[in-house]
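K.L.:
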Amino acid sequence: DILRRPELAPRFWADSLALWVLCQTGSGEEARGHTAPLLARLPANSFQRGFILGSVGRFDEALPFLERTAVMVMVSLMFDQMWDPFRVDPRFEQLMAKLGRAAEYKVARETVARMRTVQTAKDGAGPTKEAEARADAQPRPKK
């Protein structure tokens, strides 16, 4: 609908995730083709531009717009896989600090790491040290 129905209001979260999915599934060129029309419809200083640019891997260009991210969508920066490639960049943590969310971001990433550890153990990839420690701490039934 992005190109066929230009009268539709931009759906910043849905549009950026759709572009990201296209890139992840080998259709990056198609995603980049949708980027310009979406950007043309957004205000020049909109944080939504950062989401669109980030979704197609253009973090350097996205960063100034992401600094304006609305509180209601900051959770995306903390949890969405779309941002994983950029988390190793020190500017990502600096961004979270500029947004006043450094502490929340740290907790969010620690939570994701714990969830992945537990899921890995559940998936049968073998128990992790953390999962083993929790298991050892559980009371055992008496024989």
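Note that the sequence shown ends on residue 259 in our numbering; no numbers are left out. Where is the CB? At the ideal position from N, CA and C, for every residue including glycine.
State the DSSP-derived secondary structure class of R165, mapped to helix, strand or coil.
P.N.:
Locating residue 165 in the sequence shown gives position 49, where the first residue counts as 1. In this structure, R165 counts as helix in the three-state DSSP scheme.
K.L.:
Which residues in the same chain as Y221 place their Cβ atom closer than 8 angstroms to its Cβ, once the five residues preceding and following it in sequence are excluded?
P.N.:
The sequence position of residue 221 within the sequence shown is 105, counting from 1. Counting only Cβ-Cβ distances below 8 angstroms, and skipping sequence neighbours, we find L193, M194, E209 and M212.
K.L.:
From P206 to L155, what distance separates their C-alpha atoms?
P.N.:
On the sequence shown, position 90 is the one that residue 206 refers to. On the sequence shown, position 39 is the one that residue 155 refers to. Rounded to the nearest angstrom, the two C-alpha atoms are 26 angstroms apart.
K.L.:
Below 8 angstroms between beta carbons: does that hold for V204 and W129?
P.N.:
Sequence index remark: in the sequence shown, residue 204 carries index 88 (1-based). Sequence index remark: in the sequence shown, residue 129 carries index 13 (1-based). No, the Cβ-Cβ distance between V204 and W129 is not below 8 angstroms.
K.L.:
Return the chain-ordered list of same chain residues with a C-beta closer than 7 angstroms to the C-beta of G173, the five sequence neighbours on each side being excluded.
P.N.:
Start at 1 with the first residue of the sequence shown, and residue 173 comes out as number 57. So the list reads C139, once near-sequence residues are dropped.
K.L.:
What did DSSP end up calling T185 once you bin it into helix, strand or coil?
P.N.:
The sequence position of residue 185 within the sequence shown is 69, counting from 1. If DSSP states are grouped into helix, strand and coil, T185 belongs with coil.
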